[in-house]
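Step one of this worksheet: look at the structure below.
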Ligand code: HEM
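Residue numbers (the numbering used here): 57 to 976.
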C-alpha cells in the first residue's frame, strides 16, 4: 500500500516535469529511496551494512544533517527525525502526514537500521568455542544451515547424574522432571542439547577466532596491524588506569574514597553523571552479570600471582599513585596449547580461539545468582523451615522498619571464601556491596510474596486447576492442593527469573538507551515482533521477510524464527512441541568473551552515596557514605542498620556515573583483596579490567568495531564530536583526551603494503592498510592498539540518551536478543503448564492484582506501571509516596522527565528543595 502511494507520487512528479528539481529535495530522496526498495541482507562479511545508509535514505529520514553525518564513522540512525529529544522532532503540518511525516520516517528508518544490524550480527558474529564451529561453517558454505541443530558436544557426559534419564547413548533427549523447571546446573533448557548453557561450558566469541589474542601475533595480518607493540602489560595497564581512568577531584581532601573513612556530610567526590539514570541502575547490572556469567570459581582464579604493571620511573610512581608491587591471581583457562584448525575452500580456519575459558555459572537468565548454579552455591541458599517453598528471611536484629524480613548471614558451615564472612547468604556472593544486598533482599521478598499469593489461592480453591501440567502426563490437570513445596519453590524461581528478564528488557534498557527507537525496539523484543507493537512490528517484519533473498525456504525459516521470538509472547510459542519457539540461529548459545568486556561498567559506581532518610526530609542529603564502606560484610551491616527503604531512596535519587574516560571510582583503584598474599594486598580493579581483557584475547578497539559491523576510526581525532564549535570547552576536553591517547598508545610510520584486516574493505573495495588512505610512510596514530574498553569509553559521539557507547550497544543488540531467543522458558515454555496460571498472570500484569496504568502519556505512550516499580511497591511498601511520580525506577526519582526524552537535570514538583539539583 505504502509502495503504491509513493509510486503514484513519483509518477505525478515526473508527469509534471519536476523531477530534476525534486531529486535532491527531501521528497525526491524519499521517492528515490522508496523506489530503490530495501537493501538485501549482505551475503558477505566484508560488504556489511555498517549502520550507514544511502544519501537518499539519509535525507528522507533526517534531512541534510543526516546526509552530512554519513561522512563520520558513527551510526546514521541517531540523526534521523524523532530519534533524539524534542529538537529532533519535525513540527507543523508536516508532522501530521502519518506514515509519510518526517517523524515517522525517522523512527521507522531507525528501526529498520537496527533490525538490519541485528540480522547481520546473527549471521556473521556467532563463533562457538566448544567444537561446533567447523560444522557450522561447512553447513553455511553448502547452504545446509539449520536454525536448530543437535550437537554431540552438548550431550551429557557419563558422570552426569541425569545421564541415564536423557537416554545415555548418542541421541539424548530431556523429558519428564528434567524439563519441568529450570534445573540447578542449567541442563535441559534445550531439550535435545542438554548441556547447552549449563555451568562450566566455554564462553563463545562474537569475533573471528583469528581476530582474538592479538598479543600472540599469530598471523601476518595481526603483525601488520600491531607490529610488536602489544603485550599483557603493554601499554602498561596501571598507567592507563591512572592517566585515562582516574576521576579528577576539585577538592581531593574532601573525597574519602581512597581510604575507607567514616561517613561525613562534607564528603564530596566529583564524578561525571548521566542525568537520566540512577545509581540503582549500576547495581542492577552488576546483579544481572552475576546471573549470566563469571570467570571466577568461588571468587578465585589460578593460584599463580602475576604482576599488574606500573613499570615507570620512581618519580612517576608517586605522581601517578600506581603500585609496582600489586599482584593478581592469573585468569583460569580451559583449552590452551596448539589451536586446532581445518581447511575450507582455499583457507585454513581456526576451530576455536587459541585459549578458551569456562562460564562458571549458568548462561541462562535463570536468577542463578539467587537460586544457585551448582551444588556448592545451592548450599548457600537458605529455605524457610516453616514453609520450604519460601526463601528464609529473618527479622532484622537492629530492628529498622521492613516487616518482610532480611536475608540471613552466611553460616560457618556454608561454603565460602574467607573474604565473604559476615555477608548475606546468597548463591553468588562475590564483590558484594550495598546495591547487590539491596536487589537480593528485594527479590527474596518478592519470591516469598509470590508463594504467599499462591498459597492464598490454593487455600481458597484447593481443587481448582492451577494451570500446571507434568510433561510426563500432559493431559492430567494439576490442582492447587497437589503442588509440593519443592515444586512451588521451582515455580517461584521461574516467575522471578522471567520478571527480572522483563524488568531488564523493558525498564532498565529503555532508560539506559533513552530514546524512541529503543523504546519501541525493546518492547517489541519482549512482546514478540508482530503482536504488541504494531509500528515496530510492521517495520521489522519487512526486513525479516527480506532475509536470505531468493531462497524461499530459508527465508521462511528465518521469518518464523523472528516472528516466534524473541519475547515470551512470540508467535509459535503456544505450539504443543515445547522446543518449537526456541532459536539458536545455527550456533549453540553461550555468552561471548566480548560480552564481558562490554559489561565492564565500573565508571557507573560513585565513590560516595548521598544518603537520605525516608522518614525525614527526602530532599535532604543527611550524610555521604563512601561506597568502600559498603562492600562485602560492611554492606550487610549497612543494610541492616538503615533498611531497604532508605537505601532505595538514596540510590534511586542519585545519578549514576557516566561511562566515559576520567570517571572511574577512586576506591576501585585501591581495593583491598584479602585473598591475595601480595606485598600490597590491594589491586587496581581498573588496571585489572584491561589485563583480564588481554588475558582473554579481546581484540583491540578498531578491529573489535570492524568485526561487529561498525566503521573503523582512522586516528584518535575521530573521537572528537564533529558537531562541536572549534573552541568550545567540550571540544577542548575531547582534544585533551586525544593527546593523552596519543601519549599512551603512540604513533608510527605507516606501510601502505601492510594489509591490517580481512573483516572489512574500504568503500572502493580495496583492502584496508596500515596507512588508512594516507601516503606511505606517513606518521599515523596507533589507533589499532587501543584497548577495546578504552576505545568505547572514549566515544564522545553517542545516540541521544545513550548511557553506553554505540560500540557496546552493538554487542548488546546481538546478545540481548540471543539470551531471549535461545531460552525455552522465555519462549515456548512460557505458559501456565510450566509457570502456573498465577505465574503467567504475575509476569504479564507485573503482579497479582491486574494491570495498572501510569497517569498521562509519558513520551507519548500509554504505559503500564513499570515492573520494577511494582516490585518495589510490594516489597518496600513504605516507598509508596516517593514512587508515585516515578515512571521508570531507573530514572532518578526526583527528576522531572519533562518533554519527549528530555535529559535535563531538573527537579519534579515537590523536589525543588532537593540539594542535588543545586549541583551540575
Ligand atoms: C562495589 C562495587 C564493585 C566492586 C568492588 C567490583 C569488583 C570487581 C573485581 C575485584 C573484579 C575482578 C575479578 C577478577 O577478574 O579477578 C570485577 C570484575 C568485573 N566487574 Fe566489578 N565490581 C563492582 C561493581 C561492578 C559493577 C557495578 C559492574 C557493572 C556491570 C561490574 C562489572 C564487572 C564485570 C563485568 C567484571 C568481569 C567479571 C568476569 O570476569 O567474569 N562490577 N569487579
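Note that CB positions come from ideal geometry on N, CA and C, so glycine has one too.
- In the assembly as shown, residue 663 is a buried residue. Its beta-carbon has 16 or more other beta-carbons within 10 Å.
- Restricted to the stretch 365-418, the alpha helix (DSSP H) segments that are unbroken, complete and at least 4 residues in length are 370-376, listed in chain order.
- A Cβ-Cβ distance of about 6 Å is found for the pair residue 645 and residue 252, placing them in contact under the 8 Å criterion.
- Short of 8 Å from the beta carbon of residue 106, and not among the five residues preceding or following it, lie these beta carbons of its own chain, in chain order: 765, 766, 767, 816.
- Counting along the chain, the unbroken alpha helix (DSSP H) around residue 195 starts and ends at 189-197.
- For residue 897, the enclosing alpha helix (DSSP H) covers residues 888-901.
- For residue 718, no beta strand (DSSP E) encloses it, and the DSSP letter there is neither H nor E.
- Residue pairing by DSSP puts residue 361 in a beta bridge opposite 385.
- Taking the Cβ of residue 727 as the reference point, at least one heavy atom of the ligand HEM falls within a distance shorter than 7 Å.
- Taking residue 111 as reference, the option from 655, 643, 125, 309 with the minimal CA-CA separation is 125.
- Boundaries of the alpha helix (DSSP H) harbouring residue 117: 111-125, taken from the DSSP string.
- For the set 149, 132, 199, the Cα lying nearest the Cα of residue 167 is the one of 132.
- Under the DSSP assignment, residue 331 falls in the beta strand (DSSP E) whose first and last residues are 329-334.
- DSSP, read as helix, strand or coil, puts residue 510 in helix.
- Within the stretch 217-243, complete alpha helix (DSSP H) segments of at least 4 residues are found at 233-236, given in chain order.
- Distance check between residue 471 and each of 484, 874, 461, 867 places 484 closest, using alpha-carbon atoms only.
- Short note on residue 660: C-beta closer than 7 Å to some heavy atom of the ligand HEM.
- For residue 335, the Cβ stays outside the 7 Å cut-off from all heavy atoms of the ligand HEM.
- The continuous stretches of beta strand (DSSP E) do not include residue 282, which lies in the alpha helix (DSSP H) extending over residues 276-282.
- When the beta-carbon positions are compared, residue 475 and residue 688 come within less than 8 Å of each other.
- When DSSP states are grouped into helix, strand and coil, residue 352 belongs to the coil group.
- A distance criterion of 7 Å places the beta-carbon of residue 497 beyond contact range of the ligand HEM, judged by its closest non-hydrogen atom.
- Contiguous alpha helix (DSSP H) elements confined to the stretch 635-695 occur at 649-654, taking only those with 4 or more residues.
- In this structure, residue 651 sits away from residue 236, with a CB-CB distance that is not shorter than 8 Å.
- Within the DSSP bridge table, the entry for residue 909 names 920 as partners.
- With respect to the C-alpha of residue 308, the residue from 294, 324, 296, 300 having the closest C-alpha is 324.
- Sequence-distant Cβ neighbours of residue 970 in its own chain, meaning closer than 6 Å and more than five residues away, are 675, 950, 963.
- If you check the C-beta of residue 226 against the ligand HEM, you find no heavy atom less than 7 Å away.
- A residue is called buried once 16 or more other Cβ atoms fall within 10 Å of its Cβ, and residue 936, having fewer, is exposed.
- DSSP, read as helix, strand or coil, puts residue 846 in helix.
- For residue 711, no alpha helix (DSSP H) segment is defined; the enclosing uninterrupted segment is the beta strand (DSSP E) at 711-713.
- Remark: C-beta atoms of residue 419 and residue 242 approach each other more closely than 8 Å.
- Under DSSP, residue 823 takes part in a beta bridge, and its partners are 817.
- Residue 839 and residue 545 have their C-alpha atoms spaced approximately 52 Å apart.
- 8 Å or more divides the Cβ of residue 707 from the Cβ of residue 463.
- In this structure, DSSP gives residue 804 an extended state, which the three-state scheme calls strand.
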